[in-house]
Amino acid sequence: MTLRFAGYAALFDKVDRGGDVIRRGAFARALEGGRSVPLLWQHRPERPIGRIESLSEDARGLRVIGRLTPDAGHAAEAAALLRDGAVGGLSFGYRVRAKEPHPRGRTLTDLDLVEVSLVTFPMQPGARVHAVHEEDTNV
């Protein structure tokens with residue numbers, strides 16, 4: 257069985273736990289050309305757990321569709337915790353290319369996307385997995 261999921265790794269115009277706000281369009285340049293972005297477990301580069309099938313900006317934020325690789329070391333753990341609802345946060349690693357100050361932190365207007373992670377505690381509390389789907393790969 258392969259586990260696929262969909263959710264948002266970033267929400268636009270919402271203050272995160274660090275005081276940052278991401279503006280719509282901040283990922284536009286990073287998404288051009290369809291560059292591959294790794295899917296990690298808890299932001300750990302030594303723990304890849306699958307692949308990102310689709311990344312896009314919509315009115316709400318950075319929409320992510322991913323697939324866990326059944327034979328990846330920590331993918332089974334991630335899948336079990338996703339199924340159980342014990343883990344459901346999404347987060348992303350990035351480099352800031354352009355920002356503006358705001359009273360509680362920064363407004364991020366241009367970001368390089370480095371990775372997407374399934375996490376226990378996302379920086380943006382609303383950045384969550386919203387759908388989980390299992391596919392039988394033996395068919």
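Residue numbering for the sequence shown follows this note's numbering, beginning at 257 and increasing consecutively. Glycine is no exception: its CB is placed at the ideal position from the N, C-alpha and C atoms.
* Kindly indicate which three-state DSSP category A266 falls into: helix, strand or coil? => Residue mapping note: residue 266 aligns to position 10 of the sequence shown, counting from 1. Correct three-state label for A266: strand.
* What are the boundary residues of the alpha helix (DSSP H) that includes D340? -> Taking the sequence shown and counting its residues from 1, one reaches residue 340 at position 84. Element bounds for D340: A331 to D340.
* Evaluate H358 with the Cβ neighbour count: other Cβ atoms within 10 Å of its Cβ, from every protein chain shown; 16 or more gives buried, anything less gives exposed. => Mapped onto the sequence shown, residue 358 falls at position 102. When all chains shown are included, H358 counts as exposed.
* Pick from R260, F261, L267 and T258 that is closest to L364, judged by C-alpha positions -> Your numbering for residue 364 matches position 108 in the sequence shown. Out of R260, F261, L267 and T258, L267 has the C-alpha closest to the C-alpha of L364.
* **C-alpha gap between T258 and H386, whole angstroms** => Mapped onto the sequence shown, residue 258 falls at position 2. Mapped onto the sequence shown, residue 386 falls at position 130. Near 17 Å, if we compare the C-alpha coordinates of H386 and T258.
* **Exposure label - P326; buried when at least 16 CB within 10 Å** => Here residue 326 refers to the residue found at position 70 of the sequence shown. Exposed, by the Cβ-count rule.
* Asked: Taking the alpha-carbon positions, what's the R234 to E288 distance?
  -> Because the chain is modelled from 257 through 395, residue 234 falls outside the range shown and cannot be assessed.
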